[in-house]
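Written below as structure tokens is the structure these notes are about.
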Amino acid sequence: MVKVSKINFFSTSIIVACTYLFLYVPLVVLLVFSFNLEAFPSPWKGFTLKWYHELIQSKHLWASFLNSLIVAICSTGISLTMGVFLIFYAAQGGRIGNFLNLFYGNLVIPETVLAVSLLGFFTLISLPLGLGTLVLAHSVLGLGFVIPIVYARFLELDYRMTEASLVLGASPVQTFFKVTLPLLKPALTVTGLLVFIISFDDFILSYFCAGSTSQTLSLYILSMLRSGISPIVNALSAVLLLFSSCLVILFFTISKKSRTRIF
Amino acid sequence: MKIKFLRTPPSTQFPFTIGAPAMIWQVLFFYLPLAILAISSILQFSEETGIFEGLTFQKIAFFLRPLYLKVILLSFFLALGNAILCLLIAYPLAYFIAFIGKRYKNFFLFLLIVPFWTNFLLHIYAWFFVLEKEGFLNNLLRGIGAISEPLQLLNTPFAIMIMMVYYYLPFMVMPLYSSLEKMDVRLVEASLDLGASWGQTLRRVMLPVTKRGLMAGFFLVYIPSFGEFAIPEFMGGDKLMFVGTVISNYILGDETGSLGAAFTLVASLFLLASAALLYWLIDRLIPGRRHG
Amino acid sequence: MRSIKLEKLKKTVKEGTIIPDVNLLIPAGKFFALLGPSGCGKTTLLRLIAGLESADAGKIFLGDQDITDWPIHKRPINIVFQNYALFPHLDVFDNVAYSLKLKKLPKAEIEQKVTKILEAFHLENHIYKLTSQLSGGQQQRVALARAIVNEPDVLLLDEPLAALDFKLRERMLIELIELQDKLKTTFIYVTHDQFEALTVADQMAIMNHRGEIEQIGTPKEIYEFPGSSFVARFVGTTNILGGKLRNLNADPEIEIANLGNFKVSIPQVKEWMKEGCDMLMSLRPEKIFISKKEVKNFSNHLKGTVQSIVYHGRSTQYNILLKNSMRIQVFEQNEEHFPQEVIDYDNEVNLYWQKENVVILEK
């Protein structure tokens, strides 16, 4: 433990407290007012769950929630699968070395630029915009995370395991499925969660590439925002916060159990 | 002699196509569209028939006018300011989580990641809620009699900046924390022991050691911030134009699609150039390793 | 159980040649030890045999079969790694059963073989535990069980006991000897610890820093009759004295400058032995008799002063300064609780040895 002088401890704690306050006050306020009897801007009138009822009954909401879910699951699945193929190839001795740098492009290009260029591309090849194009777009986004993270983890694996497996009689392919892949499972799961959430919450790509027919959750919220403050959105926020919290807990549990570090 | 453990067989019988899907996908849906974007900015299409006519730099030149340069510059300052602000807040925060609140670090990290993993627009909505003319903060202030007229908090640069920091803070904290956590605390103790002040210790010991995380965090914030369009759009109103908003206006506008492409190209080039410059600058400012 | 023959095996990396044209025959069914200093290439040799490295030139034979180009998983050779390399995602049972499951043996048979071997290794209470829950010694036994359950022709062991503490190591060495006796599989044991090698080996080879095999033989042969000063120094401790060969044909002697002439015995005259040539004499400390009194019946005699005394429990080590400023080590077994003669610092002592107990080495 660092012997921190009283002043420094105090000042960092202040900064930390203020930061967390800053992060959470809006969310907490949102949460609280989701139970308010009357719609904003009236002050607190009483406790009610009616906004939650309205929320559950909104068909549009469920449709867009489902859309987001489908897109997220598909794009996560696609990027993870392609990642596994790549690693399989590498594990069998294929050379990918420099090609890996291809995937760092995602970090250098802002999402807006990517969205715009994809939109142009889809228009060019006359691909109708919709959930399909969204899945394509999100999977590209996902690849930018899956490959660097999981491949890095692959490189860190203890190769004596691979050697042991080969020596005991397993062919390189068998070794991959019996040893390498199980050892990579935590990293794959955790990265999958990350990519899922990024896709689910994504706004910019959806805004540009979803077209007019399909609506994701983000776009739904956007449309509600445009019509002003509404307690239903508060209720939705509360629910989504809960959803995110659960995912984060899952993320931490898996990371901790397998001692995988993403960051 | 160190033994290099067998990671993979020396060669493979599998064709390249097995590993290729990821790369093909990436090239097809990432690099190709970008290339098309870049190229379409210099292509000239006839306005009536839409037939390809020739190359032109007119569209690009169009955007090199002061009006648009101002937009780019504004975005630059926004991104830079955001990155710096985030850094100033994130460093002590990461330090706190890594060393002072170590026992509860999972809790602190959890609290940090939850907003990060919550829908972006919800955050916009939350701040809307707080900052709006009829919103929470104004009502509160009016309620306690601090102000008589509601403050105009939304649609201001202030609102934009708050939201930017709010959204991008975790991007800065994560890599920084990761780097900081790996640092041997005894280095700091030794430095203080030898008589250095906190400022000196920071500059000479901590920053160089956490250089990698710092740079990662910095650019994870800087680059997306430059192209950010949703936050200025919703929190900034119509008064200020940023790169993101201009791009979206042009692209989604009816006939200005290819102009939008040109502007995107110009802005992206500027982004890359400024990022390279910043990278070089920070690299010079902080001694130590960049990678590793 | 089959033999391993290495023919002109060579491996080079960019730092240099690790394995320089090695020829070696490891007899079938024996416990063979490969001893050498750290970094000499013995582990590389082992990995070449297993297939984990590929040679630049030369051949490897398993019995009569040329397995040089065989892929790793086809070779009926297993290896016990230094850090065990147990699969963390499988429990003890699945670790041991790994190779059997690959062969697609019927489930009942696998079950029977695995439980039998785990019982033999006293691990029956840990069968379904994860490997991380076991102690070092237990993990080592799991690694061993895993490597022998599918009855390989050859078992390679790469310093398997390095991570264990002394007492455990001693015990495991005995267990390994008994295991090999029972299985009759060819064991190839690589280590830098001469005590381990001398204990387990039926036959051993000494490898020097350059990767060359200096000598092959039984532990006793190697210890008592080292072929070079490297071997003499590396295995056990010795005193090496240089001088000139005199009186080769009649009663051979070594003439050591400022010290005198000492009788030596030459069982076999070698090519390099010529009258007056330079040679080395290796005299092991335990072969020297030390006393303050004058004693007869020894072929050779030296006088010296006691510089330091180190008590080793079983024996006492004396470091003696000779009149030509050289030092000699002497080991005396502590036979008695209260020895009749007490030798102390700065005492003048007499050192005696028989001429048959020295080894003559080429310079």
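Chains as they are written, first to last, in my numbering: chain L, 834 to 1096; chain G, 455 to 746; chain E, 281 to 643.
We treat Cβ as the ideally placed atom computed from N, Cα and C, and that holds for glycine.
Item: Nearest to V622 (chain E) (by Cα), restricted to the options E:E333, E:K310, E:K573; Value: E:K573
Item: DSSP-derived helix/strand/coil call for W633 (chain E); Value: strand
Item: Which of helix, strand or coil DSSP assigns to V946 (chain L); Value: helix
Item: W895 (chain L) burial status per 10 Å Cβ neighbour count (16 or more: buried); Value: exposed
Item: Residue nearest to S605 (chain E) in terms of C-alpha spacing, selected from E:A537, E:Q418, E:Y364; Value: E:A537
Item: Those residues which DSSP pairs with R526 (chain E) across a bridge; Value: E:E533
Item: Contacts that S1077 (chain L) makes with chain G (C-beta to C-beta distance below 7 Å); Value: V568, W571, T572
Item: 8 Å contact criterion, which L314 (chain E) and S508 (chain E) should meet: CB distance rounded; Value: No, L314 (chain E) and S508 (chain E) are not in contact; Cβ-Cβ is about 17 Å, not under 8 Å.
Item: Cβ-based burial, A850 (chain L) [other Cβ within 10 Å; buried from 16]; Value: exposed
Item: Residue-level contact to chain G via CB, N1067 (chain L), 9 Å cutoff; Value: yes
Item: Chain-ordered chain E contacts of E996 (chain L) [CB-CB under 9 Å]; Value: R327, A330, L332, I352, I359, F361, A365
Item: Whole-angstrom distance between R986 (chain L) and L1017 (chain L), CA atom to CA atom; Value: 7 Å
Item: Amino acids of chain L, ordered along the chain, whose beta-carbon sits closer than 7 Å to that of L378 (chain E); Value: What sits at residue 378 (chain E) in the sequence shown is Tyr, not Leu. Near Y378 (chain E) (Cβ distances below 7 Å), the residues of chain L are L1001.
Item: Anticipated Cβ contact below 8 Å, G491 (chain E) with T297 (chain E), distance rounded; Value: 7 Å
Item: C-beta atoms of I472 (chain G) and F921 (chain L) nearer than 9 Å; Value: yes
Item: Within chain E, the residues that Q1007 (chain L) reaches when beta carbons sit closer than 9 Å; Value: H353, L382
Item: With 16 other Cβ atoms within 10 Å as the buried cut-off, status of P1064 (chain L); Value: buried
Item: Residue of L:L854, L:F898, L:W884, L:I906 minimising C-alpha distance to T1022 (chain L); Value: L:I906
Item: Exposed unless 16 or more other CB atoms sit within 10 angstroms - verdict on K567 (chain E); Value: buried
Item: T596 (chain E) versus D531 (chain E) - alpha carbon distance; Value: 33 Å
Item: Buried/exposed call for D626 (chain E), threshold 16 Cβ in 10 Å; Value: exposed
Item: Distance, L723 (chain G) Cα to G597 (chain G) Cα; Value: 50 Å
Item: Test item: CB-CB of I578 (chain G) and A684 (chain G) under 9 Å; Value: yes
Item: Cα-Cα separation between I1014 (chain L) and F918 (chain L), rounded to whole angstroms; Value: Looking at the sequence itself, residue 1014 (chain L) is Leu, so the reference to Ile does not match. Roughly 11 Å separates the two Cα atoms.
Item: Cβ of R282 (chain E) within 9 Å of any chain L Cβ; Value: no
Item: M834 (chain L) classed as buried or exposed, judged by whether at least 16 other C-beta atoms fall within 10 angstroms; Value: Residue placement at M834 (chain L) is poorly supported in this model, since its pLDDT is 46, which falls under 50; the coordinates are not used for a value here.
Item: Element boundaries [beta strand (DSSP E), containing A481 (chain E)]; Value: A481 (chain E) -> no beta strand (DSSP E), and no H or E assigned at all.
Item: Alpha-carbon spacing of E555 (chain E) relative to L528 (chain E), whole angstroms; Value: 6 Å
Item: Interface partners of Y937 (chain L) on chain G, CB under 7 Å; Value: Within chain G, no residue comes near Y937 (chain L); the closest Cβ sits about 10 Å away, beyond 7 Å.
Item: Strand pairing of N869 (chain L), partner residues [DSSP]; Value: L:F880
Item: I942 (chain L) beta carbon less than 9 Å from that of L488 (chain G); Value: yes
Item: Short CB-CB distance (under 9 Å) between K1099 (chain L) and chain E; Value: With chain L covering 834 to 1096 only, the question about residue 1099 (chain L) has no answer from this structure.
Item: Where the beta strand (DSSP E) through Y676 (chain G) begins and ends; Value: From DSSP, Y676 (chain G) is part of no beta strand (DSSP E) but of the alpha helix (DSSP H) over 665 to 681.
Item: Cβ of L860 (chain L) within 9 Å of any chain G Cβ; Value: yes
Item: Chain L contact for M477 (chain G) (CB, 9 Å cutoff); Value: yes
Item: CB of T1049 (chain L) within 9 Å of CB of S901 (chain L), strictly; Value: yes
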